[in-house]
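Chemist:
Numbering (my numbering), first residue to last: 21 to 108.
Okay, structure coming up:
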């Protein structure tokens with residue numbers, strides 16, 4: 021049986037560090053948004069994500085995900101009512 025070699029990484033280049041910091045910023049902002057239940061906090065978090073490319077995309081994504089998962093988002097009760105009011 022061949023032995024597996026463990027590769028030890030002692031440093032990251034600037035590009036990888038930048039991505040790590042960006043993702044960590046998103047994670048912190050998303051956690052804060054989950055606790056606050058504030059729609060603007062969700063928008064901030066999504067705009068920090070490297071996977072979201074515009075304010076408009078962040079707004080659509082936030083609205084759709086919050087409404088789709090409202091059962092699991094008690095902190096967003098006021099936000100959900102406001103979002104539902106805009107659709108009617």
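Ideal placement from N, C-alpha and C gives every residue a C-beta, glycine not left out. In this text the structure is predicted, and so the values were computed from the model without any measurement.
1. Could you check if residue 61 is buried or exposed, using at least 16 other CB atoms within 10 Å of its CB as the buried criterion?
2. If you measure between the beta carbons of residue 56 and residue 95, is that distance less than 8 Å?
3. Name the residue from 77, 87 and 66 whose alpha carbon lies nearest to the alpha carbon of residue 42.
4. I need the boundaries of the alpha helix (DSSP H) containing residue 91, first residue and last residue.
5. Candidates 34, 25, 36 and 90: which alpha carbon is nearest residue 59's?
Modeler: According to the structure shown:
1. As a position in the chain shown, residue 61 is number 41, starting the count at 1. Under this definition residue 61 is a buried residue.
2. In the chain shown, counting from the first residue as 1, residue 56 sits at position 36. In the chain shown, counting from the first residue as 1, residue 95 sits at position 75. Going by C-beta atoms, residue 56 is nearer than 8 Å to residue 95.
3. Stepping through the chain shown from its first residue, residue 42 is reached at position 22. Selected option, being the one with the closest Cα: 66.
4. Position 71 of the chain shown holds residue 91. First-last for residue 91: undefined, no H or E at that position.
5. Counting from one through the chain shown, the residue named residue 59 turns up at place 39. Selected option, being the one with the closest Cα: 90.
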